[in-house]
Structures are given as structure tokens and as C-alpha cells.
Amino acid sequence: MPKKAVFKGTIEYLQILNEKGRLDERLMPSLTKNDVIRMYELMVFSRKLDDKLLALQRQGKIGTFAQVKGQEACQVGSCYAMKQEDWMFPAFRETAAFLTRGLPAEMIIETIAGDERGNKIPEDVNCFTYSVPVAGQILHAVGFAWGFKLRKERKAAVVFFGDGATSKGDFHEGLNFAGVFKIPIVFICQNNQYAISVPREKQTASETIAQKALAYGIDGIQVDGNDLFAVFKATQEALKNAKDGKGAKLIECVTYRLGDHTTADDASKYRTKKEVEEWSKKDPIVRIKKYLESKKYWKKEDEEKLLKKVEERINEAVEKAEKIGMPTREDMFKYMYKEMPWYLKEQLEEVKDAGNGSK
Amino acid sequence: MITQHMLDKIQDYKMAKLNIVEALNLALNQEMEKDDSVLVLGEDVGIDGGVFRVTEGLYKKFGKDRVIDTPLAEPGIVGTSIGLAVNGFKPVAEIQFSGFIYSAFDQIVSHAARIRNRSRGRFTCPLVVRAPYSGGIKALEHHSESMENIFVHTPGLKVVIPSTPSDAKGLLISAIRDPDPVIFYEPKRIYRAIKEEVNEKEYTIPIGKAKVAKEGSDVTLISWGAMVRECLEAAEKVEASCEVIDIRTLKPLDIDAIIDSVKKTGRVVIVHEAPKTSGFGAEITALINEKALLNLQAPVKRVTGFDTIFPYAKMESAYLPDERIEKGIREVLEF
Ligand SMILES: Cc1ncc(C[n+]2csc(CCOP(=O)(O)OP(=O)(O)O)c2C)c(N)n1
Ligand SMILES: [Mg+2]
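Just so you know, the protein sequences line up as chains A and B, in that order. In terms of the working numbering, the first sequence is numbered consecutively and its last residue is 359. In terms of the working numbering, the second sequence is numbered consecutively and its last residue is 694.
What follows is the structure, given as C-alpha cells:
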């Protein structure tokens, strides 16, 4: 009995607009000029919000947070491919994804400023709250999307996580359930090369993250995560397949975290300036700007107008976030259960005269 | 982190002024030097030196086979550490924040805690799981909880929580040398808050021994971790002589130290950051009732965190025991 191969798999890599600005027209998804401009604006907004938040953090006005910087195309491209009725499940770095889905910036700021009222996502924004424990959200997204299938709704979920998250059991269990039950979900791994200080090579010995999908009987693809068009196209196709009952897909977006892990981190301890400079040349925002300019869709005045609009909107959001003031002490107790049990009432009674949270 | 400069200073004076982070780092340095079987594993513990810098410099000194940057997987870290421990190593596994220990809880509770008993002593698990815990640094969600009691409730584990640099060093060395699994929780709020003279030599502080942090005669304050300092401060603010006991080890608890003090004062306030319901304060209260009820002149008072989710930064100070400690002391005094 000769030995024979019982499994063969390949993983494709998709790039449509490369860092030199070369576009592969044959692969270009159908996007109008306005679509591209809108996505560009969202990426710029996210970048500027990052800058603003960093400044506020350094002044001690808000808490620790994770910048998106460098990963804007992964988040904007994928969320722009979603329909309003689809659902987005973030990890903890998904500012640009939230903005694309329509979450008001002031809420993002409130949350980072340590105010839980910022986490109450508006009814018409189909996003789940942040998940700080790495990878936990993957299973929730799978379960949520399973619900679409059980109810025969033509919807899908998109879940974000990092390269580090692929080491957790939750990731493997999520992919496995999605494969076994053919669940309409798109897994988006933002492989930004690091999990805090640990480089991607130390996270997994496999050549790509995308290939992990094959072991669970679902599709996987690797895309240039700094190429907005590639991310958009891959997500759009994956969403369509998911809704057509063809099951889940893992999209590995190869990208780079241009900032520190969070404001509490100092990345110079574990990576070189040169490496960061090399990746800066692949900046997803610069790439799209060049594209817009080359198509004569974008003039200097447009850029100026946009930057002004973004700045105004961000300042307005910061102001709104500041204005909400301190929560009351009751805020800490009243969402524990639908009905407050006796012991919580007792504990609240003990401190309620102390007023709000400030000492 | 231990710099050459500090080592030189240590050589000169035999004592060094260290904070808790530095004291823990020194303990790891010394135990790793002395015993090749001691390994450090965890997320970002190697090249980065740990997010709180407790393992700084170890990677350079002991190399990648002894100071190991693992993949991001807590059950993986603890589970493989168990295997290493059974195979004769002494792993010191770091969980980056105690809030991320729960996926490894199964490995700790279902395996580490049971191996000696399950194998009738044939296999043992000399493992230390270190993790920063508790609140006070206005961190993100899951970075501030005090859930130490879930481990106290688990048969087969020891639970240690230091509150000073010299205790941190001596207790960590004891934990590493202990033949059984030890959960070692570090109060991150005071990681760098206190500096004190720490003996240069390796020394141990026995697991299971409490410390009288302040002597007094009117009321006994019992605490651990970052709350010990709060108790000492409250003790200064009330017009009564407070005895402050830092239990240092939650399991096995130094019950004698507690009962001796209760017999002296007859009044007790237990202070912890953890939620009240089924917190370790409840266990201590029950023990006092069992062993010294007739010595009590007032019911034992608990001043604790609330039975709520630990809030985000804006509400953090509303959650942590603060003036409530003084209030509690007055209450038992006036009973
Ligand atoms: C379960 C768990 N373990 C550890 C941490 C601490 N931590 C926060 S982010 C992070 C690295 C995450 O890396 P990755 O998944 O690649 O996402 P990225 O930060 O690069 O976006 C770690 C270790 C955590 N939040 N959750
Ligand atoms: Mg990453």
C-alpha cells in the first residue's frame, strides 16, 4: 500500500495597491470615487484621533490606550465592506473599526478616560464592546454569528484580533466551531508583527497565520494589511460567502504597529528604529492619498479642508467627553444585575453620601 | 532591575535600598544563580524584562533557555510549567496581570494543586505562579482585581502576598524553594511606592508566618498586600492603639498570630480590596469566632471592596477601602 498525500493546502496572498503606488486593475474591487475618499477620510480621522489621544494621555487627562497607527487600512477596509446589519467584534485596538461603524468619537474618548458610560454603544451601531483579555471575543463573535444562521438571517459577524491572540485556545476553538457548524463569520487577524515585545516568529512556528484556517476546514487568505483595497476586497468576498452559507474565512492582514504597544509601553526596548522606518514607508494612509492624487480625485485644498474638518470634529469630541463629568457611585452598582440584591443595596447605602467617584 | 551599580553598592554595604520590583528581581537573580533548575517563563519576561520590569536583566544574564518569552497563552504557560516542574525544574511562571490567569485556572486547580495527592506523592509540582494583582493604578479593565481567594479556596495551593520589599524577596525565595505550588500575588500599586533596606544575602521568610507590622492594644487590623499600608495610615489617624497584622501568607494562614492579637485587643477590623462576599475576610472572621469568640468585645468588622466589577479609572478611588477603614475602626471601638 503506497503512502499518499491526504491533505494539500495553499494560501494565497492578495495585494492590489502596492507601496510604490502600483495598482493591479484586474483585482480592483468595485468602489466609487466617493467610497475611496470616504475610507481615506476615516483613516485620516483615526490617525489624528490617535495623535490627540496620545497628547491627552501624556498630559494625564486620559488613561492607557492602544494606538491604531499603521493598521488603519485593516480596520477601515474591512468594516467598510460590512453592511449596517452585520456585527463587529473588537479586541482593544479597534478605534478605526469603531469609527467606520459609526461610534461617536467622544464615546471612545470617554472609555479611555476611565468612564464606563463610553462603553454603552448606541442601539443603531452594531458593535460589541472591547475585549481586553486577548482572544476572548473570538468565541463570542462565533456564537453571535451562529445565531444569525439559526434564525436564517442574511447577516455575518466580523471579529478582530492580533497575531498574539492566535496562540490562545479561544482562537482555535472559535475557528473549529465555525468550521464544524459552518458559521457566517469573518476572522480578521491583524498581524502587526508583535504581541507587545514578542515578535511574530516567536508566536508561532507556522509560516503564515492564514494557514491555520485550513486545519479547521475553513478558508484562509493572507492580504497586505496596509493595502486598503486588498483588505476591502477580501472582506467583501468573505462576507458574501459567509452569507451564502459557504462558511467562515480567516483573513490575515500583514501589517505593522507603528506606535508602542500601548501608552504604557516603550517599543524601543525590543525593536529597532530602522525596522519602524522601513514599515513607515508602507504607511496605508500615504498609499491611498497618493492613489487619490494620481487619479486627480484629491487636491491640496481637499486635504486642507479635510484636516480642518477632522481637527474640529476631534476637538468637539474631546470637549463632549470632558463635559460628561464624574459618574455617580450608583453607576458602579446598578448594572451588576437587573434587580439589585440586598447586599449591593447595603454596600451602596454605605457610600452613597460620598457623592461621585472623586475623592 | 538590578544594575551593576546597584550590585557594587550591595557589595559595599551589604544592604541596598530597594523597592518591591527590585527586591523581586534580586530574589530571582539569586535563586537562578544558585539553582540551574529555576526557570522564568511568561509573556514579555525575556527581552522586554517584563511589563513591570520584575525580570529585567535576567534574559541577558541567564539566556533564552532559562528566561523564556512564551507565546501568548496562559494555559500554555502554566500547563507546560507543571510538566517542567514534575520533571525536576523549578519554573517561576509569570502571568502578566492576575486578571488573565483565569484561562490557566483549570491547569492550576485541576492539575498543579492535585498532582502530589493524585500520585500519592510519586509526582510533585514545585511551581511558582507570579502575578501582579489589585487596584490603584487606574488601569484598563481586568487589570485591577483582587481575586486571591479563589486560590485560597483551592485545596493543594499555597497563597503568598508580600507588602514590603524585604518580605517580597524573602517570600519569593521561599516560594521557589517550596516543594508545592505557590500562587504569588504582587500588589502592583506599591511595586515602587516603598523603598527599604533589603539584605543583600539570600534569605528566606517562612511561608505561613504573619508579621506584626505595628504593635497596639485597642484594636487589631488584619490585612495583606497594598491594604497593609492603608491600615498603617488609618492607625495613625484614629485615637486608639491599633495593632496591624500583615498576614503575608493567606494559605496556610498564621492563625496563632491572629488569635494572640485578638486575645490582647478583643476588637478586630479586617481590610481587603477583594469583594466582600466570600472574601478571605469571611474565613478569618469565622476562624476568630471558632477559636476566640469569648475574647471578642465587638463583632469582627470587614472593610472590603464592593461586590461589584472593579470600576474603570474614574471610579477607582470610590471602590478601594479608604476612609472607610477609619470608620470601621471607630465602629468596633464604639461597639
Ligand atoms: C489573556 C491575556 N493575556 C495577556 C494580556 C496582556 N496583553 C495585552 S495585549 C497583549 C499582546 C497582544 O498581542 P496581539 O494579539 O498581537 O495584539 P496587538 O496588541 O498586537 O494588537 C498582551 C500580552 C491580555 N490582555 N490578555
Ligand atoms: Mg500583534
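Virtual Cβ for every residue (Gly too), placed ideally from N, Cα, C. What you are looking at is a predicted structure, and each value in this text was computed from that prediction instead of being measured.
Item, Value
"Distance between residue 546 of chain B and residue 411 of chain B (C-alpha atoms, nearest Å)", "12 Å"
"beta-carbon residue 194 of chain A near ligand 2 non-hydrogen atom, thresh 8 Å", "yes"
"Nearest-angstrom Cα separation, counted from residue 555 of chain B out to residue 532 of chain B", "18 Å"
"Any chain A beta carbon closer than 9 Å to residue 658 of chain B", "no"
"Contacts that residue 434 of chain B makes with chain A (C-beta to C-beta distance below 9 Å)", "168, 169"
"Buried/exposed call for residue 298 of chain A, threshold 16 Cβ in 10 Å", "buried"
"Complete runs of the alpha helix (DSSP H) confined to the segment 232–285 of chain A [at least 4 residues]", "273–280"
"C-beta atoms of residue 434 of chain B and residue 487 of chain B nearer than 9 Å", "no"
"Spatial distance of residue 471 of chain B from residue 616 of chain B (CA atoms)", "29 Å"
"For residue 391 of chain B, three-class secondary structure by DSSP", "helix"
"Reduced DSSP category for residue 164 of chain A - H, G, I as helix; E, B as strand; rest coil", "helix"
"Where residue 119 of chain A sits in the DSSP three-state scheme", "helix"
"Under 9 Å between C-beta atoms of residue 286 of chain A and residue 252 of chain A", "no"
"Euclidean distance between Cα positions of residue 538 of chain B and residue 73 of chain A", "52 Å"
"Integer Cβ distance of residue 491 of chain B from residue 444 of chain B, believed to fall under 8 Å", "In fact, because the Cβ distance is near 22 Å, the residues do not count as touching under 8 Å."
"Beta-carbon contacts of residue 482 of chain B that lie in its chain and below 8 Å, excluding the five residues immediately before and after", "445, 474, 475"
"Within-9 Å CB hit, residue 116 of chain A to chain B", "yes"
"CB contact below 9 Å: residue 359 of chain A versus chain B", "At residue 359 of chain A, the pLDDT of 45 sits below 50, so the modelled position is not reliable; the number obtained from the coordinates is stated separately. So yes, residue 359 of chain A belongs to the interface."
"Residue 680 of chain B versus B/654, B/628, B/510, B/649, residue with shortest Cα-Cα distance", "B/628"
"For residue 585 of chain B and residue 341 of chain A, the rounded distance between their alpha carbons", "29 Å"
"Beta carbon proximity, residue 265 of chain A to chain B, threshold 9 Å", "yes"
"Beta-carbon contacts of residue 226 of chain A that lie in its chain and below 6 Å, excluding the five residues immediately before and after", "73, 255, 282, 284"
"Unbroken alpha helix (DSSP H) run spanning residue 172 of chain A, endpoints", "169–180"
"Per DSSP, cross-strand counterpart(s) of residue 222 of chain A", "A/13, A/252"
"Nearest neighbour of residue 6 of chain A, chosen from A/125, A/215, A/162 [CA to CA]", "A/215"
"Interface partners of residue 200 of chain A on chain B, CB under 8 Å", "In chain order: nothing, as chain B lies at least about 11 Å away."
"Neighbouring residues, chain B, relative to residue 211 of chain A (Cβ below 9 Å)", "Within 9 Å Cβ-Cβ: nothing; residue 211 of chain A doesn't reach chain B, min ~16 Å."
"C-beta atoms of residue 69 of chain A and residue 310 of chain A nearer than 9 Å", "no"
"Closer than 7 Å at the beta carbon, the chain A residues around residue 671 of chain B", "114, 115, 116"
"Any chain B beta carbon closer than 9 Å to residue 216 of chain A", "no"
"Interface flag, residue 550 of chain B vs chain A, CB-CB below 9 Å", "no"
"Cβ shell of residue 359 of chain A (< 6 Å), same chain only, five flanking positions each side left out", "Confidence at residue 359 of chain A is low in this model, with a pLDDT of 45, below 50, so the placement of that residue is unreliable and no value is reported for it."
"Own chain residues within Cβ distance below 8 Å of residue 206 of chain A, not counting five before or after", "212"
"Contact belief for residue 52 of chain A with residue 314 of chain A at Cβ below 8 Å, rounded distance in angstroms", "5 Å"
"Cβ pair residue 193 of chain A, residue 257 of chain A closer than 9 Å", "yes"
"Any non-hydrogen atom of ligand 2 within 8 Å of residue 748 of chain B CB", "Residue 748 of chain B lies beyond the stretch modelled for chain B, which goes from 360 to 694, so this question has no answer here."
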